[in-house]
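Asks: I am attaching a structure below and will ask some questions about it afterwards.
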Amino acid sequence: MADDKKLVEEITSRDVDFAQWYTDVVKKAELMAYSSVKGFMIFKPAGFAIWEKIKSELDRRFKETGVENVYMPLLIPEGLLEKEKDHVEGFAPEVAWVTKGGEEPLTENMCVRPTSETLFCDFYANEIQSYRDLPKLYNQWCSVLRWEKETRPFLRSREFLWQEGHTAHATFEEAQERTEQMLKLYAEFAEEVLAIPVIKGQKTEKEKFAGAEATYTIESLMHDGKALQSGTSHNFGDGFAKAFGIQYTDKDNKLQYVHQTSWGMTTRLIGAIIMVHGDDEGLVLPPAIAPVQINIIPIQQKKEGVLDKCREVADSLTTAGFSVKVDETDKSPGWKFAESEMRGIPLRIEIGPRDIDNNECVAVRRDTREKENVSLDDICTRADELLKTIQKDMFNRAKAHREAHTYTAKDYDEFKDTIENKPGFIKAMWCGDRACEDKIKEETTATSRCIPFEQERISDVCVCCGKPAKHMVYWGKAY
RNA sequence: CGGGGUGUGGCGCAGUUUGGUCAGCGCGCUUGAUUUGGGAUCAAGAGGUCGCAGGUUCGAAUCCUGUCACCCCGACCA
34 MADDKKLVEE ITSRDVDFAQ WYTDVVKKAE LMAYSSVKGF MIFKPAGFAI
84 WEKIKSELDR RFKETGVENV YMPLLIPEGL LEKEKDHVEG FAPEVAWVTK
134 GGEEPLTENM CVRPTSETLF CDFYANEIQS YRDLPKLYNQ WCSVLRWEKE
184 TRPFLRSREF LWQEGHTAHA TFEEAQERTE QMLKLYAEFA EEVLAIPVIK
234 GQKTEKEKFA GAEATYTIES LMHDGKALQS GTSHNFGDGF AKAFGIQYTD
284 KDNKLQYVHQ TSWGMTTRLI GAIIMVHGDD EGLVLPPAIA PVQINIIPIQ
334 QKKEGVLDKC REVADSLTTA GFSVKVDETD KSPGWKFAES EMRGIPLRIE
384 IGPRDIDNNE CVAVRRDTRE KENVSLDDIC TRADELLKTI QKDMFNRAKA
434 HREAHTYTAK DYDEFKDTIE NKPGFIKAMW CGDRACEDKI KEETTATSRC
484 IPFEQERISD VCVCCGKPAK HMVYWGKAY
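In C-alpha cells form, the structure reads like this:
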C-alpha cells in the first residue's frame, strides 16, 4: 500500500500511547488472556507457540554445548532458602509461602521457588564427590513465582516461564568461561533468531544478582526508548558452594569447593519481540521465531479450484520446510489481511481466480507491507528469499533505531537533559562508586544497564561526581 | 505499597451527576441468501438478576459502606 493509513482502528497508535499500544497488540494478536488471579496470565495458542519456538531453539543450542535438562521440585523448605545470606535477602520480599498441607500446619514453611539456586545447590552437595563428577551442566525449563506488586503481560507476571541453567565446575576460570559462553549464546539467539540487537556487558555491584560474584547481561532497547534486560548469566564463584558445602576431591586428594554459574531467559522475551518489532497494525514476528511463517489467503474461495490451489501451494511450501497456514474461514479477504497483520505473520500470500489464470500469486511482506506478484513456479524460492530478507531487515531496522537512540553525556547536566528529553541509552563514564549510581537513579530514575564489553572513552571523569572514571556505562530507563 | 482510572450479554461502551418510564447501543455470535483483490450486505434470531457482599429506600446499574479484580503512572524486580 502506498499510503500509510492506519488499517486497524482498534489498536492505539504506538506514538500516541506506547503502554496502551502494547496492551492492544497483546490482545489483538491473541497472545494471552487475563486469568482470575492478578499477575497470572493465560497463554493463548498464538502466545504459547512463540514460547515453544523460543524454547526449542534455545534448548537445541544449550544441548550443543553439553547441557542436559533436569527438573527440580516446585517447593523450597524455608531453611534451604536461608542458607545463602545475600540470596535470601534478595528474594525474601517477593516469595509466596505454603504453610499448610491439607488442614495441618506444616512443621516447616515451604516457599514456591522464585528461582532454583538453592535446590540445585542442595542436590549438587550430594551428587558431587570427585573431580570426575565435574562439570555438571544442568538446565531446567519451568515456571517460577515472584509476588510482584505491579504486573504486565509478558513483561512482569507473578508466575513466569523460563529456563534456568545451573552448572558446577572445578575452577573459577572454568565457571567464568561457561558464564561468558552462555551470555554469548543468548546474544546470538537474540540477534539471529529474535532479530533484536543487544549490548553485552557486566552488571554493576548494585544491579547484580543476589548471591552472585558477577552478573552479565544482554540489554536491548525497546521502540519507546526504554531498556529491557533480555537475558542474564551469573558467575557465583564458590559462594554458594561454601554456604551449601558443595565440595569435591581433586586429583591430589584435596577437598575443593566447586564454582558455579546460572543463567536464564524468560517469557519476557515475548514482550521484547512485541516492543522492538511491533507497529500500529499489530505484532511483527521475525520469520525465525514465527510459529506460522506464511499465511495463504484465498480470494473468492468458494470459486471452483481456488481452495485446491491454495492447499497445493501450501503443500509445496510445507515440503520446502516453511510453516504455512491456509485461512479457510469464511471471513472476507480484507478481514483476513488485517488479522494476519495483527498476528504478525511474516509473509502473506493471496491466491484468487485472477492469479490462478496467470499462474501467480500476490506475496506481501508484513514488515514493510510491500506487495509483489510471484509466479507459482517460483514461490518456494521467492518465499525463502523474502523471509530471509525480512529477518535481516528487521534486525537492521532495530539496530538503526537503537543507534539513533543511543546518546553520550560528558557531564551531569547533559546527562539529566538527555534522560529527560531523549528516550534511549546514554553512554557515560562512571567512577565505580555506588554513591554516584544511587544518586543518578534517585534524581533521574535511570539505572546503569551494564558495563559493556566494548568500552569507549567518552571522557576522563565520572559523569556524576567528576572524579577519575573507571568504566563507560550504558544508562537508561528500564522495564 | 502510594497516586489515578475502570468494572453493565463474548468484546467495546452509553446510562450513574438528578433513584422510578432503564436493561440500551455498536461489534461479535446463530440461521438463510447474496458476496469475496484491505475488516461485505440484507433479513430473522439468541444472549445480561449492571464485579461481589452488605446497607439506605415503597423502589437501586444509579446513593452509602466494605471488598475483589483489571489497567495506567511511580517505588521494587526477569
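Each step along the first sequence adds one to the number in this note's numbering, with nothing skipped, and position 145 is 178. Positions of the beta carbon are idealized from the N, C-alpha and C atoms, including for glycine.
Which of the three DSSP states is assigned to residue 107 in this structure?
Replies: Residue state, collapsed to three classes: coil.
Asks: Based on DSSP bridge pairs, tell me the residues matched to residue 247.
Replies: Answer by DSSP bridge pairing, in chain order: 268.
Asks: Please report the distance separating the alpha-carbon of residue 396 from that of residue 382.
Replies: Cα-Cα distance, rounded: 5 Å.
Asks: Hey, residue 346 and residue 409 are a contact pair by Cβ (cut 8 Å); roughly how many whole angstroms apart?
Replies: Indeed, because the Cβ distance is near 7 Å, the residues count as touching under 8 Å.
Asks: Across which residues does DSSP place residue 202 in a beta bridge pair?
Replies: Note: residue 202 sits in a beta bridge opposite 292.
Asks: Use the C-beta contact count for residue 250: other C-beta atoms within 10 angstroms, 16 or more gives buried, fewer gives exposed.
Replies: Answer is buried; the Cβ neighbour count reaches 16.
Asks: Pick helix, strand or coil for residue 61, following the three-state DSSP scheme.
Replies: In the structure shown, residue 61 sits in a helix (DSSP, three-state: H, G or I).
Asks: Any idea what DSSP makes of residue 297, helix, strand or coil?
Replies: Strand, per DSSP.
Asks: Pick out whichever of 104, 164, 189 has its Cα sitting closest to the Cα of residue 150.
Replies: Comparing Cα positions, the closest option is 104.
Asks: What does the alpha-carbon distance come out to for the pair residue 484 and residue 211?
Replies: So the two alpha carbons sit approximately 19 Å from each other.
Asks: Between residue 500 and the rest of its own chain, which residues show a CB-CB distance below 7 Å, the 5 nearest in sequence each way excluded?
Replies: So the list reads 464, 494, once near-sequence residues are dropped.
Asks: Since residue 7 and residue 224 should fall inside the 8 Å C-beta cutoff, what is the C-beta to C-beta distance between them, to a whole number of angstroms?
Replies: Any question about residue 7 goes unanswered here, given that the chain covers just 34 to 512.
Asks: Per DSSP, what kind of secondary structure is residue 80 in: helix, strand or coil?
Replies: In this structure, residue 80 counts as helix in the three-state DSSP scheme.
Asks: In terms of residue numbering, what span does the alpha helix (DSSP H) encompassing residue 356 cover?
Replies: Taken as a continuous stretch (DSSP letters only), residue 356 belongs to no alpha helix (DSSP H), as it is neither H nor E.
Asks: Alpha carbon to alpha carbon, how far is residue 287 from residue 200? Give it in angstroms, no decimals.
Replies: Roughly 21 Å between the two C-alpha positions.
Asks: Considering only the alpha carbon of each residue, which of 487, 481, 486 lies closest to residue 260?
Replies: Comparing Cα-Cα distances from residue 260 to each of 487, 481, 486, the minimum goes to 481.
Asks: In or out: residue 391 buried (at least 16 other Cβ within 10 Å) or exposed?
Replies: Classification of residue 391: exposed, given that the 10 Å Cβ count is below 16.
Asks: Any idea what DSSP makes of residue 146, helix, strand or coil?
Replies: Note: residue 146 maps to coil in three-state DSSP.
Asks: To the nearest angstrom, how far is the alpha carbon of residue 427 from that of residue 437?
Replies: So the two alpha carbons sit approximately 15 Å from each other.
Asks: Following a CB-centred definition, is residue 188 positioned closer than 8 Å to any heavy atom of the ligand MG?
Replies: Ligands displayed in this structure: none; no statement on the ligand MG is therefore possible.
Asks: Taking the alpha helix (DSSP H) that residue 415 falls in, what are its first and last residues?
Replies: 412-437 is the span of the alpha helix (DSSP H), which, as asked, contains residue 415.
Asks: Tell me whether the beta-carbon of residue 276 lies closer than 9 Å to the beta-carbon of residue 118.
Replies: Yes. Within cutoff.
Asks: By how many angstroms is the C-alpha of residue 58 removed from the C-alpha of residue 246?
Replies: Residue 246 and residue 58: Cα-Cα distance of roughly 39 Å.
Asks: Closest to residue 455 by C-alpha separation, out of 477, 233, 226, 386, would be which residue?
Replies: Answer by Cα proximity: 477.
Asks: Using a 10 Å radius around the Cβ and a threshold of 16 neighbouring Cβ atoms, would you call residue 68 buried or exposed?
Replies: Exposed.
Asks: Measuring only the C-alpha atoms, how far is residue 271 from residue 204?
Replies: Near 9 Å, if we compare the C-alpha coordinates of residue 204 and residue 271.
Asks: I'd like to confirm the pairing. Which residues does DSSP put opposite residue 102 in its beta bridges?
Replies: In DSSP, residue 102 forms a bridge with 172.
Asks: Does the segment 318-330 come within contact of the segment 358-367, defined as at least 3 CB pairs closer than 8 Å?
Replies: Yes: the two stretches touch, three or more of their Cβ pairs being nearer than 8 Å.
Asks: State buried or exposed for residue 43, treating a residue as buried only when at least 16 other CB atoms are found within 10 Å of its CB.
Replies: The residue in question, residue 43, is exposed, as its Cβ has fewer than 16 Cβ neighbours within 10 Å.
Asks: Just reading off the beta strand (DSSP E) that residue 367 is part of, what are its end residues?
Replies: Element bounds for residue 367: not the beta strand (DSSP E) but the alpha helix (DSSP H), 366-375.
Asks: Output the boundary residues of the beta strand (DSSP E) element that contains residue 525.
Replies: Outside the displayed range of the chain (34 to 512) lies residue 525, so it cannot be described from this structure.
Asks: Once the 5 residues before and after residue 37 are set aside, which same chain residues still bring their CB inside 8 Å of it?
Replies: Low confidence applies to residue 37: its pLDDT is 34, below 50, so where it sits in the model is not reliable, and the reading given next is rough at best. Nothing meets the Cβ criterion.
Asks: Excluding the five sequence neighbours on either side, which residues of its own chain have a C-beta within less than 6 Å of the C-beta of residue 192, listed in chain order?
Replies: Closer than 6 Å at the Cβ level, and outside the excluded window around residue 192, lie 73, 176, 178.
Asks: Is the number of C-beta pairs between the segment 438-450 and the segment 339-353 that are closer than 8 Å three or more?
Replies: No: the two stretches stay apart, fewer than three of their Cβ pairs being nearer than 8 Å.
Asks: Is residue 286 helix, strand or coil when you go by DSSP?
Replies: Coil.
Asks: If I measure Cβ to Cβ from residue 159 and keep anything under 7 Å in the same chain, skipping five residues before and after, which residues do I get?
Replies: So the list is empty, once near-sequence residues are dropped.
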